[in-house]
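A short write-up of the structure that comes next.
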Amino acid sequence: RLNGDFKFVGELDDIRISNAALTPNEFLQARTEGMLPVIAHWDFNEGSELTDASGNSNDLWAAGVTFTGGVARLDGTHTAFNTADTLNLTAQTNLTVEYFIRTADSSLAVVLEHSANYNSNVGCFINALDGSPPDDLSATFRAAGGGTGYHRDRILGGELTDGQWHHVAWVHDSTLATIDRWALYLDGVQQPQDPTKQNLSLPALCNQTLYIGSRANNLYKLTGELDDLRITGRALNPVQFQKAPSTELLPEVIAYWPFSSSAPTEDASGNGHSLTNNGVAFERGAALFDGNFSVFSTAGTLNLRPYSALTIEYFIRTLTDSGAFEIIEHSPTYVGNHGGFSCNLNALNPGQLQGGFSFYFSKFNVDATSAGAITDGVWHHVALVYDPASDGADRVRLYLDGEQQVTTENVDDQALDFLNAKLYIGSRSNHTFKFIGELDDIRITGAALAPEDFMTVRTTIPEGAVIFVR
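Residue numbers are given in this note's numbering: position 112 of the sequence shown equals residue 119, and the series is strictly consecutive.
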């Protein structure tokens, strides 16, 4: 106020004043991220594999690393992969280190290390696959000298080493006085702190060589792939993280479960999103729910964060029009997880199915069929679409047998960041609202499909005896 009292501590960006009464869909949807203070960005694009795309000339030196399709591939035999000069971070008070990684090897390996050995350099850091316990990735900052001078976060076993692309971000916010001063994220979700390593000292960051994929090019060599290593001189939030590797094509069909007789819980898309099942039966290529199952969900998380549009499809048949059923839900409860989606049955009226997405600040965009439309014992096709190119109620659309249904709740239609969470089928977190009926051909596509692109026929198995004519 008058440049004297009530002085703000923090950051501001994109202040805009318009001489019009804007509607919510006309508001700024995101910050101008192109203005982020990027210190170094190695995107490994063809023709400039070792060049720092930030323009700050923090170029790399490599020997024995293969670059294919804009991705750095390390097979554990590389002899050099590091900045050609030291990477000077001494002027930075806040920092975000992020990258995409794909590996199935859980051996002890360094992903990044600032200095030849961070143990001997206060103010330096390491990201490493721990080897023991297996499959953990730890991110550690050397905060002070001595055996207690570390701050560490962990990605717990198995989530990173599944052979799929994952985004890792490690954020340093010097304005925080809590253990979240350093925070580690996997696919946008913050990971646990190591309670034994919580030193909150604030030494200056280092001016040291950054080694990639090993310790000083000699020890603990990584076997896997890396893309889009980016270091930013700001404590970014998950909305500002990179969403997908810049040169890796995302599969349009993310997951597809046709419930085939030979492998009913396998993902036919080839993307490895198999299901965990306890109590759901399969008959003639469909999944049968009797309300007594205990587990039916993706075995791991289903990462939808890289996508900006979605279509969720399935076939459903049921006669039960009493009791609320959860048909499909991304996250334990989409109500408390913005970016999640849900389809449920009978919650509003008997035989009425509703589906929608959860937005920020407990707001929703939900459509619904008419009452009784689902519980007639006939197979129906359902599609739930999130289309970022549409505004208002049409940003989320629910279709029944190819016909768009009625919007029941359109509180918000802003752009969404989807979740990296488990997908639950037939119940909420496998405990409540258990479905009674049949489902088939659940398919999730990373695009806003039109009705003519929907599935039209179930993958069925003929009933009765199969007769072979010779």
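Using N, Cα and C, we set each Cβ at its ideal position, and we do this for glycine too.
All figures in this text were calculated on a predicted structure; none of them were measured in a lab.
Can you tell me which of the three DSSP states residue i falls into?
i: Phe425; result: coil
i: Ala293; result: strand
i: Val342; result: helix
i: Ile474; result: For Ile474, the predicted structure reports a pLDDT of 42, less than 50, and the residue's modelled location is therefore unreliable. A value from the coordinates is still provided. Coil, per DSSP.
i: Ile162; result: strand
i: Asn26; result: coil
i: Gly363; result: strand
i: Phe368; result: helix
i: Ala390; result: strand
i: Gln247; result: helix
i: Glu53; result: coil
i: Thr466; result: coil
i: Ala98; result: coil
i: Ala400; result: helix
i: Tyr406; result: strand
i: Arg188; result: helix
i: Ala262; result: strand
i: Glu273; result: coil
i: Tyr227; result: coil
i: Glu40; result: Interpretation of Glu40 is limited by its pLDDT of 49, a score under 50 that renders its predicted location unreliable; no figure is taken from the coordinates.
i: Ser127; result: helix
i: Asp447; result: strand
i: Asp374; result: strand
i: Asp82; result: strand
Could you please give the first and the last residue of the uninterrupted beta strand (DSSP E) stretch that includes residue i?
i: Cys213; result: Element bounds for Cys213: n/a, residue is neither H nor E.
i: Ser304; result: 302-305
i: His173; result: 173-179
i: Lys204; result: 200-205
i: Ile133; result: 132-136
i: Phe34; result: Taken as a continuous stretch (DSSP letters only), Phe34 belongs to no beta strand (DSSP E), as it is neither H nor E.
i: Glu232; result: 230-239
i: Asn437; result: Careful: Asn437 lies outside any beta strand (DSSP E) and carries neither H nor E.
i: Leu311; result: Taken as a continuous stretch (DSSP letters only), Leu311 belongs to no beta strand (DSSP E), as it is neither H nor E.
i: His121; result: 116-121
i: Gln222; result: Note that residue 222 is Arg in the sequence shown, not Gln. Arg222 -> no beta strand (DSSP E), and no H or E assigned at all.
i: Val413; result: 413-417
i: Phe322; result: 317-324
If distances are taken between C-alpha atoms only, which option among the options comes closest to residue i?
i: Tyr263; options: Thr452, Asn63, Val72, Pro313; result: Thr452
i: Leu229; options: Glu416, Asp419, Ala79; result: Ala79
i: Leu282; options: Ser269, Phe303, Gly292; result: Phe303
i: Trp177; options: Gly165, Ala87, Arg161; result: Arg161
i: Asp419; options: Leu407, Ser436, Ser397, Ser301; result: Ser397
i: Asp194; options: Val117, Ala251, Leu352, Met462; result: Ala251
i: Ala400; options: Asp112, Gly362, Glu336; result: Gly362
i: Tyr321; options: Leu236, Gln171, His387, Gly165; result: His387
i: Arg312; options: Ser365, Gly346, Val464; result: Gly346
i: Leu183; options: Ala223, Thr100, Leu236, Asp424; result: Thr100
i: Val260; options: Glu56, Asp21, Phe248, Met462; result: Met462
i: Phe34; options: Ala422, Ile238, Ser434, Gly71; result: Ala422
i: Asn310; options: Tyr106, Phe425, Phe364; result: Phe425
i: Gly164; options: Asp112, Gly298, Arg404; result: Asp112
Whose C-beta lies closer than 6 Å to the C-beta of residue i among residues of the same chain, with five residues either side of it excluded?
i: Glu416; result: Phe371, Val373
i: Ile319; result: Leu391, Ile451
i: Pro245; result: Gly195
i: Ala294; result: Phe266, Val287, Leu446
i: Asn95; result: Asn214
i: Tyr218; result: Asn89, Glu120
Use the C-beta contact count for residue i: other C-beta atoms within 10 angstroms, 16 or more gives buried, fewer gives exposed.
i: Tyr192; result: buried
i: Thr103; result: buried
i: Cys350; result: buried
i: Met42; result: exposed
i: Ile108; result: buried
i: Asp448; result: buried
i: Tyr341; result: buried
i: Arg241; result: buried
i: Pro199; result: exposed
i: Arg23; result: exposed
i: Asp187; result: exposed
i: Ala190; result: buried
i: His179; result: buried
Going by beta carbon distance, what residues of the same chain come within less than 7 Å of residue i, once the five residues before and after it are set aside?
i: Pro458; result: Tyr406, Gly409
i: Cys131; result: His121, Ser122, Tyr125, Arg149, Cys213, Gln215
i: Glu53; result: Gly77
i: Gly330; result: Asn353
i: Thr467; result: Arg291, Gly292
i: Val464; result: none
Can you find the residues in the same chain that come closer than 8 Å, C-beta to C-beta, to residue i, ignoring five residues on each side of it along the sequence?
i: Leu115; result: Ala135, Leu136, Asp137, Gly138, Ser139, Tyr227
i: Thr327; result: Asn353, Thr382, Ile443, Gly444
i: Ala60; result: His48, Trp49, Asp50, Asn52
i: Glu166; result: Asp142, His173, Leu193, Gly307, Thr308
Can a CB atom of chain C be found closer than 8 Å to the CB of residue i?
i: Leu236; result: This model lacks chain C altogether, as it is built from one protein chain only.
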